[in-house]
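Comments concern the structure below.
Numbering (this note's numbering), first residue to last: 88 to 189.
Here is the structure:
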(Lines of atoms letter the chains of each structure in order from A; the text may use other names.)
(Lines give C-alpha, C1' and ligand atoms only; values in the text may rest on other atoms or scores of the structure.)
Protein backbone atom coordinates (compact mmCIF):
# COMPACT_ATOMS: atom_id res chain seq x y z
CA UNK A 88 0.00 0.00 0.00
CA UNK A 89 2.88 2.36 0.68
CA UNK A 90 3.82 2.36 -3.03
CA UNK A 91 0.33 3.56 -3.96
CA UNK A 92 0.50 6.41 -1.42
CA UNK A 93 3.74 7.96 -2.72
CA UNK A 94 3.30 11.33 -4.47
CA UNK A 95 3.04 10.86 -8.23
CA UNK A 96 2.64 7.09 -8.00
CA UNK A 97 0.78 5.48 -10.89
CA UNK A 98 -1.80 3.16 -9.36
CA UNK A 99 -2.07 1.29 -12.65
CA UNK A 100 1.68 0.56 -12.60
CA UNK A 101 1.61 -0.42 -8.92
CA UNK A 102 -1.29 -2.77 -9.58
CA UNK A 103 0.39 -4.30 -12.63
CA UNK A 104 3.64 -4.83 -10.71
CA UNK A 105 1.78 -6.87 -8.10
CA UNK A 106 -0.62 -8.70 -10.42
CA UNK A 107 -3.84 -7.09 -9.18
CA UNK A 108 -6.51 -5.00 -10.82
CA UNK A 109 -5.98 -1.22 -10.64
CA UNK A 110 -9.55 -0.77 -9.37
CA UNK A 111 -8.68 -2.95 -6.40
CA UNK A 112 -5.68 -0.74 -5.56
CA UNK A 113 -7.92 2.35 -5.75
CA UNK A 114 -10.37 0.67 -3.38
CA UNK A 115 -7.64 -0.40 -0.92
CA UNK A 116 -6.12 3.09 -0.94
CA UNK A 117 -9.50 4.66 -0.22
CA UNK A 118 -10.13 2.15 2.62
CA UNK A 119 -6.64 2.76 4.02
CA UNK A 120 -7.11 6.52 4.07
CA UNK A 121 -10.49 6.05 5.80
CA UNK A 122 -8.81 3.89 8.47
CA UNK A 123 -10.78 0.77 7.54
CA UNK A 124 -7.77 -1.49 6.94
CA UNK A 125 -6.62 -1.50 10.56
CA UNK A 126 -6.11 -4.95 12.08
CA UNK A 127 -7.81 -5.53 15.42
CA UNK A 128 -5.86 -7.46 18.00
CA UNK A 129 -2.43 -8.94 17.68
CA UNK A 130 -1.13 -10.17 14.33
CA UNK A 131 0.93 -13.34 14.30
CA UNK A 132 3.17 -14.44 11.45
CA UNK A 133 3.26 -18.15 10.76
CA UNK A 134 6.23 -20.06 9.34
CA UNK A 135 5.78 -21.30 5.77
CA UNK A 136 7.88 -23.81 3.90
CA UNK A 137 7.62 -23.86 0.11
CA UNK A 138 8.61 -27.06 -1.63
CA UNK A 139 8.46 -28.46 -5.15
CA UNK A 140 7.86 -31.94 -3.71
CA UNK A 141 4.38 -32.95 -2.60
CA UNK A 142 4.76 -35.27 0.40
CA UNK A 143 2.81 -38.50 0.54
CA UNK A 144 0.60 -38.60 3.60
CA UNK A 145 -0.54 -41.93 4.99
CA UNK A 146 -3.90 -42.12 6.75
CA UNK A 147 -3.62 -42.26 10.54
CA UNK A 148 -6.75 -44.38 10.96
CA UNK A 149 -7.17 -48.03 10.06
CA UNK A 150 -9.85 -47.23 7.49
CA UNK A 151 -8.95 -47.35 3.84
CA UNK A 152 -9.82 -44.26 1.88
CA UNK A 153 -10.41 -43.90 -1.79
CA UNK A 154 -7.54 -42.22 -3.59
CA UNK A 155 -8.08 -38.56 -4.26
CA UNK A 156 -7.85 -37.33 -7.78
CA UNK A 157 -5.81 -34.25 -8.42
CA UNK A 158 -7.69 -31.34 -9.93
CA UNK A 159 -8.20 -27.59 -9.90
CA UNK A 160 -10.69 -25.60 -7.84
CA UNK A 161 -11.27 -21.95 -8.79
CA UNK A 162 -13.30 -19.83 -6.36
CA UNK A 163 -14.19 -16.23 -7.24
CA UNK A 164 -15.53 -14.32 -4.24
CA UNK A 165 -15.68 -10.96 -5.99
CA UNK A 166 -13.07 -9.33 -3.75
CA UNK A 167 -10.73 -12.34 -3.89
CA UNK A 168 -9.95 -15.18 -6.27
CA UNK A 169 -8.55 -18.48 -4.99
CA UNK A 170 -7.11 -21.31 -7.08
CA UNK A 171 -6.38 -24.65 -5.43
CA UNK A 172 -4.47 -27.20 -7.47
CA UNK A 173 -3.93 -30.86 -6.68
CA UNK A 174 -5.51 -32.87 -3.89
CA UNK A 175 -7.17 -30.44 -1.49
CA UNK A 176 -8.06 -31.14 2.13
CA UNK A 177 -11.77 -30.22 2.48
CA UNK A 178 -11.32 -28.76 6.00
CA UNK A 179 -8.47 -26.56 4.79
CA UNK A 180 -10.49 -25.34 1.80
CA UNK A 181 -13.50 -24.60 4.02
CA UNK A 182 -11.37 -22.66 6.54
CA UNK A 183 -9.73 -20.67 3.76
CA UNK A 184 -13.02 -19.67 2.14
CA UNK A 185 -14.63 -18.84 5.52
CA UNK A 186 -11.66 -16.61 6.32
CA UNK A 187 -11.98 -14.77 3.02
CA UNK A 188 -15.72 -14.25 3.48
CA UNK A 189 -15.24 -12.36 6.77
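Glycine is no exception: its CB is placed at the ideal position from the N, C-alpha and C atoms. Computed from a predicted structure; not experimentally measured.
field: Neighbourhood of residue 99 by C-beta, 7 Å cutoff - its chain only, sequence neighbours within 5 removed
entry: For the purposes of this step, residue 99 is identified with residue 12 of the chain shown, where counting begins at 1. Hits under 7 Å: 109.
- prompt: In this structure, what does DSSP give as the bridge partners for residue 168?
  reply: By one-based count along the chain shown, residue 168 stands at place 81. Bridge pairing for residue 168: 163 [DSSP].
message: Tell me the rounded alpha-carbon separation between residue 89 and residue 115.
response: As a first step, residue 89 is located in the chain shown; it is residue number 2 there, counting from the start. As a first step, residue 115 is located in the chain shown; it is residue number 28 there, counting from the start. In this structure, the CA atom of residue 89 is about 11 Å from the CA atom of residue 115.
Backbone CA spacing between residue 168 and residue 161 [nearest angstrom]: The residue given as residue 168 occupies position 81 in the chain shown. The residue given as residue 161 occupies position 74 in the chain shown. If you draw a straight line from the Cα of residue 168 to the Cα of residue 161, it is about 7 Å long.
task: With a threshold of 8 Å, establish whether the CB of residue 177 neighbours any heavy atom of the ligand MN.
output: Of ligands this structure carries none, so the ligand MN is not represented either.
- request: Please state whether DSSP places residue 139 in a helix, a strand or coil.
  value: On the chain shown, residue 139 is found 52 positions in, with the first residue counted as 1. For residue 139, the three-state secondary structure derived from DSSP is coil.
query: When burial is assigned at 16 or more other CB atoms within 10 Å of the CB, is residue 107 buried or exposed?
result: Working through the chain shown from its first residue, we reach residue 107 at position 20. Answer is exposed; the Cβ neighbour count stays below 16.
message: Give me, in chain order, the residues of the same chain whose beta-carbon lies closer than 8 Å to that of residue 164; leave out the 5 immediate sequence neighbours on both sides.
response: Looking up residue 164 in the chain shown gives position 77. Apart from sequence neighbours up to five positions away, the residues of its chain that approach residue 164 with a beta-carbon distance below 8 Å are 184, 187 and 188, ordered along the chain.
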